[in-house]
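Taking numbering that gives the first Met the number 0, the leading residue of the sequence shown gets 0, the next gets one more, and so forth. For each residue, glycine too, the CB sits at the ideal point set by N, CA and C. Only a predicted model underlies this, so the values are computations on that prediction, with no experimental measurement involved.
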Amino acid sequence: MKKIFLLIPFLIVLQKLHAINDEVICTAVESFYAINITDSTADIGFDPNDALNYTIYYRKFETTTWLASLTPDSLSSLVALDACSGYEYYIVSNCPDGPLQSFTDTFFTTCDTATTGILNQLSYENKVFVYPNPSADMINISFEEPVHGSIELQLYNDRGELIDIKIINAYGATQLENIFFNVD
């Protein structure tokens, strides 16, 4: 009788150790990215883990309020974003044992020239290409159709701060080459 009494607690301990070893471990999201970025939307994708669901927190540069988007999926769309703006975001894995936060990353929405007035001498249909992107301090710009008049180029850093402004006279130009910006 004593022998059976001693074996039962031992078996219970073994079963608990086995359950702990088989338990799935939930971790913070480590690999995530912004894709399909437009002037008002961005898709946030990431490698999923064993979380119950995820919360994507995001805010426009130089603001203090974080907005939240709860999702069960590893791809979620952020909508109603401002054009020509920088955003920072991070992902919280809502795990059974509590939330775990990822690192913070950034993305920039595109500029819709029809609504923002940037390069307002150009029609929206006149495709504008900027290259190389990213660039250290020099860019090239090409246009599908010739451009006439002055063009104001504004360079912003990743925090949304204005770094430099260039005004270029482009009479009949289809390409502007080697435009240098002061990035100090």
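{"Check": "Among the residues of its own chain, which have a CB less than 6 angstroms from the CB of Ile166, if the five just before and after it don't count?", "Outcome": "Ser149 and Glu151"}
{"Check": "Give the single residue among Gly171, Asp163, Pro131 and Gln153 whose Cα lies nearest to the Cα of Glu144.", "Outcome": "Gly171"}
{"Check": "With H, G and I counted as helix, E and B as strand and the rest as coil, what does DSSP make of Tyr170?", "Outcome": "coil"}
{"Check": "Sorted by chain position, which residues of the same chain lie with C-beta nearer than 6 angstroms to Thr54's C-beta, five sequence neighbours on each side aside?", "Outcome": "Ala67, Leu69 and Val91"}
{"Check": "Just to confirm before moving on: does the CB-CB distance between Leu74 and Thr40 stay below 8 angstroms?", "Outcome": "no"}
{"Check": "Suppose the cutoff is 8 angstroms on Cβ atoms and the five residues either side in sequence are ignored; what does the same chain contact list for Asp104 look like?", "Outcome": "Phe31, Tyr32, Ala33, Glu87, Tyr88 and Tyr89"}
{"Check": "Quick check: what's the CA-CA separation for Thr26 versus Asp49?", "Outcome": "7 angstroms"}
{"Check": "So, are the CB atoms of Asp163 and Leu175 less than 8 angstroms apart?", "Outcome": "no"}
{"Check": "Where does Asn93 sit, in a helix, a strand or coil, going by DSSP?", "Outcome": "strand"}
{"Check": "Taking DSSP's pairing of strands, which residues face Pro98 in a bridge?", "Outcome": "Asn93"}
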